[in-house]
């Protein structure tokens with residue numbers, strides 16, 4: 001495990017921001033950290049980043065206790081804050097140079113890393129411009145670039161795509177995937193579920209300071225007990241034949257959104273869904289089209305927290 | 001690491017046009033405006049402490065009265081004695097000056113007059129018992145009698161000697177003495193008009209013998225002169241000198257306020273967090289801010305002194321003392337700056353920096369004498385002026401301007417070093433405690 005937290009807790013006065021969580025982050029994975037506002041994600045990130053010292057619990061990086069010795073993680077950690085943590089009146093190049101220097105990079109080595117990072121984030125031709133003149137997307141990219149200069153083993157990205165255009169968002173997501181392919185472990189928080197679904201191999205859902213679910217997306221969906229639905233459209237009135245559909249194998253429930261439509265809640269895997277469609281066609285009721293609605297992370301999140309991710 | 005932080009801080013401030021305007025342009029503008037606007041006397045009578053003034057009489061009333069009678073007799077013959085007898089009281093210029101003029105209640109509310117010998121007056125000036133000495137020259141009585149009754153006018157060279165620390169008191173006294181002669185001049189003009197008119201319409205005998213010859217002279221060629229001087233060895237401090245130092249002392253305080261803001265701004269922008277994640281300690285951040293303030297302040301003061309020298313004509317004469325003075329002043333400002341930074345960072349809001357910039361700097365400017373010279377304010381201000389950093393800087397640079405020795409200047413250097421040490425130490429303690437609160441006191445599960 002690259003990161004392992006045991007009974008990790010952080011309180012601010014009377015408020016318990018993180019309430020004794022256990023967390024494991026595998027090396028080489030992109031892990032999505034999800035939770036509604038106030039769930040404790042940022043505090044958890046801050047503790048891993050050594051910005052906050054936990055009130056209690058244990059926190060390990062590559063097996064080393066980073067609460068007692070934060071220096072173990074610092075050289076290997078890239079931190080991308082939610083805000084644009086850059087000097088706006090300095091150029092992109094000056095920002096990269098400064099932060100690279102803080103990690104001990106100098107001279108030709110620093111220049112090479114700036115070249116490499118600016119290539120990755122796709123901003124090489126605008127490096128001499130002041131950050132305040134960049135678009136939101138470019139600022140976000142430099143914000144990420146700063147965290148990559150020292151080739152960290154672990155990068156923490158706190159909502160790196162907030163407030164930017166789809167093109168820049170796509171570029172950032174591609175960058176994250178590329179970094180992961182290069183062997184970097186990524187902790188990724190976002191308010192956009194589709195981003196997490198697209199790039200994260202593992203997900204950790206937090207609420208009220210606790211980890212309420214953790215694992216691969218498939219495992220979480222499986223554990224959540226949310227079933228697949230099949231939405232069907234017919235060329236004739238069908239709502240008076242609902243009993244026929246209820247008797248089909250693997251069908252758990254049937255509803256009729258309109259006279260020509262039905263929604264089947266089904267159990268089982270893909271083969272079961274195939275069987276149901278075949279059976280419906282055999283009924284010869286004039287099936288026009290069907291959609292298989294698989295459960296997604298959003299539904300899992302909603303079920304677990306009772307709130308949407310952006311609530 | 002520290003050098004990297006320092007270079008970054010310098011780059012950030014150099015890219016901040018608004019900040020640079022406040023640091024450099026504003027004091028230049030204010031110095032110029034205040035210097036011109038307040039180049040003369042100012043202040044409201046009755047609202048200030050009375051100015052202690054030594055009056056030195058170098059004339060001999062009896063012999064000068066006698067000499068006048070001899071001169072007047074040449075013009076008027078027997079009429080001279082008749083005129084003297086008939087106007088005995090109104091021509092007693094000693095009584096007019098001391099009793100009528102200086103004894104006037106309004107003048108008394110401004111001046112505290114003490115008659116002294118010249119030597120006593122100079123000694124009193126040196127030790128600060130009086131702020132100004134007025135020297136009434138030899139011939140003071142004779143020349144006034146001549147000017148007042150005869151067609152010709154003689155120079156009356158009154159000297160106003162001021163202590164260099166109390167330049168505005170000198171200006172006030174100069175104005176008051178000048179107003180005495182202004183009043184006298186009006187009467188002399190009336191007299192001249194009368195004599196001129198009389199020469200046309202009256203019998204010559206009715207006027208004074210020889211008057212025609214006197215009337216032909218240019219009686220406007222001479223006048224009473226009031227010379228502003230200072231104690232020998234001391235240089236006169238005019239408004240340009242005073243305000244170039246006063247404004248410099250005030251505006252360097254903005255560097256300290258800026259520092260407080262800058263650190264919290266970095267915290268809010270999370271660039272500080274980024275630094276901390278990379279392994280930078282708060283102590284180094286603070287040290288960098290100290291060095292940055294020192295640099296900014298040093299440049300700021302140097303530019304202002306250059307401006308005062310080249311544009312306002314302030315004659316600085318000892319560059320080494322100036323550089324040393326700037327260095328110690330900048331150190332003290334940097335100490336105050338890191339103190340404000342530490343408090344602002346810990347409080348996590350701009351309130352402290354706001355209070356410092358919007359209230360305390362102006363209060364310090366007042367009690368330190370940056371706005372108004374303290375000698376025209378109640379005495380209490382003189383006793384509290386060193387509570388304001390700008391007050392110390394102002395006194396230091398006035399002493400440097402006076403080319404005082406290193407021994408005298410070392411008092412101010414010591415004061416500034418003490419401020420640096422005290423405030424920097426407090427800042428270090430605050431930051432240490434903050435770091436401890438963030439990353440110490442861990443409770444094992």
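Residue numbers (the UniProt record's numbering), protein chains in the order written: chain A, 1 to 311; chain B, 1 to 445.
Positions of the beta carbon are idealized from the N, C-alpha and C atoms, including for glycine.
Predicted model, so just to flag it, every value in this text is computed and none were measured.
Query: Does the Cβ-Cβ distance between residue 18 of chain A and residue 209 of chain A come in under 7 angstroms?; Result: yes
Query: Are the CB atoms of residue 420 of chain B and residue 332 of chain B nearer to each other than 7 angstroms?; Result: yes
Query: How about residue 203 of chain A and residue 32 of chain A: are their beta carbons less than 7 angstroms apart?; Result: yes
Query: Are any of the Cβ atoms in chain B nearer than 7 angstroms to that of residue 89 of chain A?; Result: yes
Query: Can you give the beta carbon distance from residue 364 of chain B to residue 374 of chain B, rounded, assuming they're within the 8 angstroms contact cut?; Result: With a Cβ gap of about 13 angstroms, residue 364 of chain B and residue 374 of chain B do not count as contacting.
Query: What does the alpha-carbon distance come out to for the pair residue 254 of chain B and residue 145 of chain A?; Result: 35 angstroms
Query: Does any C-beta atom of chain A lie closer than 7 angstroms to the C-beta of residue 12 of chain B?; Result: yes
Query: Can you give the Cα-Cα distance for residue 162 of chain A and residue 169 of chain A, rounded to whole angstroms?; Result: 9 angstroms
Query: Is residue 193 of chain A buried or exposed, if buried means 16 or more other CB atoms sit within 10 Å of its CB?; Result: buried
Query: Quick check for students: name the residue ranges of the alpha helix (DSSP H) that lie wholly in the region 347-414 of chain B, counting only runs of 4 or more.; Result: 351-355, 361-367, 379-384, 389-401
Query: Name the chain B residues that come within less than 8 angstroms of residue 85 of chain A, Cβ to Cβ?; Result: 269, 270, 271, 273, 274
Query: Answer yes or no: does any C-beta atom of chain B fall closer than 7 angstroms to that of residue 153 of chain A?; Result: no
Query: In whole angstroms, what separates the C-alpha of residue 115 of chain A from that of residue 84 of chain A?; Result: 21 angstroms
Query: Does DSSP put residue 122 of chain B in a helix, in a strand, or in coil?; Result: helix
Query: Between the Cα of residue 159 of chain B and the Cα atoms of B/327, B/173, B/273, B/418, which residue gives the shortest distance?; Result: B/173
Query: Taking the alpha helix (DSSP H) that residue 39 of chain A falls in, what are its first and last residues?; Result: Per DSSP, residue 39 of chain A belongs to no alpha helix (DSSP H) and is neither H nor E.
Query: Where DSSP assigns a beta bridge to residue 12 of chain A, which residues make up the other side?; Result: A/15
Query: Counting pairs of beta carbons, one from the region 269-276 of chain A and one from the region 176-196 of chain A, are three or more of them closer than 8 angstroms?; Result: no
Query: Reducing DSSP to helix, strand and coil, say where residue 150 of chain A ends up.; Result: coil
Query: Which value, in whole angstroms, describes the spacing of the CA atoms of residue 122 of chain B and residue 133 of chain B?; Result: 8 angstroms
Query: Check whether the Cβ atoms of residue 257 of chain B and residue 353 of chain B lie closer than 7 angstroms to each other.; Result: yes
Query: Out of B/140, B/185, B/125, B/410, which one is the CA nearest neighbour of residue 453 of chain B?; Result: Residue 453 of chain B lies beyond the range of chain B shown here (1 to 445); nothing can be said about it.
Query: Assuming residue 392 of chain B and residue 371 of chain B make a contact with CB atoms under 8 angstroms, what is their CB distance in whole Å?; Result: That pair is no contact at about 16 angstroms.
Query: Give me the residue from A/6, A/22, A/134 with the minimum Cα distance to residue 212 of chain A.; Result: A/22
Query: In this structure, what does DSSP give as the bridge partners for residue 76 of chain B?; Result: Looking at the DSSP assignment, residue 76 of chain B forms no beta bridge with any residue, so it has no partner.
Query: Between the Cα of residue 138 of chain A and the Cα atoms of A/8, A/46, A/91, which residue gives the shortest distance?; Result: A/91
Query: How big is the Cα-Cα spacing for residue 13 of chain A and residue 43 of chain A?; Result: 14 angstroms
Query: Would you give the residue range spanned by the beta strand (DSSP E) that residue 111 of chain A belongs to?; Result: Residue 111 of chain A -> not in any beta strand (DSSP E); alpha helix (DSSP H) instead, spanning 107-121.
Query: Measuring alpha carbon to alpha carbon, tell me which of B/108, B/59, B/153 ends up nearest residue 137 of chain B.; Result: B/59
Query: Residue range of the alpha helix (DSSP H) that residue 301 of chain B falls in?; Result: 282-310
Query: Count the C-beta pairs between the region 262-279 of chain B and the region 40-60 of chain A that are closer than 8 angstroms, then say yes if the count reaches three, no if not.; Result: yes
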